[in-house]
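Participant:
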Amino acid sequence: MAQRDSPQPERKRPRLSPEDEKPFVNHPTLYFDDGNVILGAGRTLFCVHRSLLSKHSIVFLDLFAQQHERFRGLPHINMEETPEEVEALLNVVYDGLRVEVQELTVETFPALANLLRMATKYKIHRPCTDIIARIRAEWPATLTQHDAKETE
């Protein structure tokens, strides 16, 4: 029998990085003891109220109508978004659908645009309307509107 010159690949499991070994972490302010659904984003868990999210979002309503794995005795839904994105969206829902932006600048715009994207995706209309109105007021689309704003 001929011997092989190339070494055989090792048959060991790949080592997990420290990031992969971290357990789940409950969000400090958006993990409610009386919540009835768990949203997971990365390693962060949000235990929230299905009825509140369903009231404001047809997307969440449809999502909750589906069967999901259970975790800690509750339905568990893995979100595509980052924990920061989910946190921003949930904060708007739990804070009465108000979007608080002190000043619209190039530094604050990415967070606002991200929230607009999330609210649009999950069809939560009031924040979308408020954000678009704020952008239009701060950054006019026409020269006439810009000049009028500058004279104020």
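Numbering (the working numbering), first residue to last: 18 to 169.
Backbone N, C-alpha and C fix where the C-beta goes; we use that ideal spot for every residue, glycine too.
1) Thinking C-beta only, is Pro92 closer than 7 Å to Val116?
2) Out of Asn43, Leu69 and Phe49, which has the shortest C-alpha to C-alpha gap to Thr61?
3) Suppose contacts are defined by Cβ-Cβ distances below 7 Å. Is Glu98 in contact with Leu121 by that definition?
4) In three-state terms, what does DSSP make of His73?
5) Pull up the distance between the alpha-carbon of Val76 and that of Thr168, whole angstroms please.
6) How about Met135 and Leu106: do their beta carbons lie closer than 7 Å?
7) By Cβ distance, which residues of its chain are closer than 6 Å to Thr137, with the 5 residues on each side in sequence left out?
8) If you follow the alpha helix (DSSP H) that Pro92 is part of, which residue opens it and which one closes it?
9) Rounded to a whole number of angstroms, what is the C-alpha to C-alpha distance between Lys140 and Pro40?
10) Between Phe88 and Leu129, what straight-line distance do the alpha-carbon atoms span, to the nearest angstrom?
Facilitator: So, from the data block:
1) Within the sequence shown, the letter at position 99 stands for residue 116. Within the sequence shown, the letter at position 75 stands for residue 92. The Cβ atoms of Val116 and Pro92 do not sit closer than 7 Å to each other.
2) For the purposes of this step, residue 61 is taken as residue 44 along the sequence shown, with counting starting at 1. Measuring from the Cα of Thr61, the nearest candidate turns out to be Asn43.
3) As a first step, residue 98 must be located in the sequence shown, where it is residue number 81. As a first step, residue 121 must be located in the sequence shown, where it is residue number 104. No. Outside cutoff.
4) Here residue 73 refers to the residue found at position 56 when the sequence shown is read from its first residue. His73 falls in the helix class under three-state DSSP.
5) One-based indexing of the sequence shown puts residue 76 at position 59. One-based indexing of the sequence shown puts residue 168 at position 151. Each residue's alpha carbon lies about 43 Å from the other.
6) What you label residue 135 is simply residue 118 of the sequence shown in a count that begins at 1. What you label residue 106 is simply residue 89 of the sequence shown in a count that begins at 1. Closer than 7 Å, so yes.
7) Counted from its first residue, the sequence shown places residue 137 at position 120. Within its own chain, the residues whose Cβ lies closer than 6 Å to the Cβ of Thr137, once the five positions on either side in sequence are excluded, are Cys145, listed in chain order.
8) Within the sequence shown, the letter at position 75 stands for residue 92. Not the alpha helix (DSSP H): Pro92 falls in the beta strand (DSSP E), residues Leu91 to Asn95.
9) Position 123 of the sequence shown, counted from the first residue, corresponds to residue 140. Position 23 of the sequence shown, counted from the first residue, corresponds to residue 40. Each residue's Cα considered, the two are about 31 Å apart.
10) Translated into the one-based positions of the sequence shown, residue 88 becomes position 71. Translated into the one-based positions of the sequence shown, residue 129 becomes position 112. Spanning the alpha carbons of Phe88 and Leu129 requires a straight line of approximately 32 Å.
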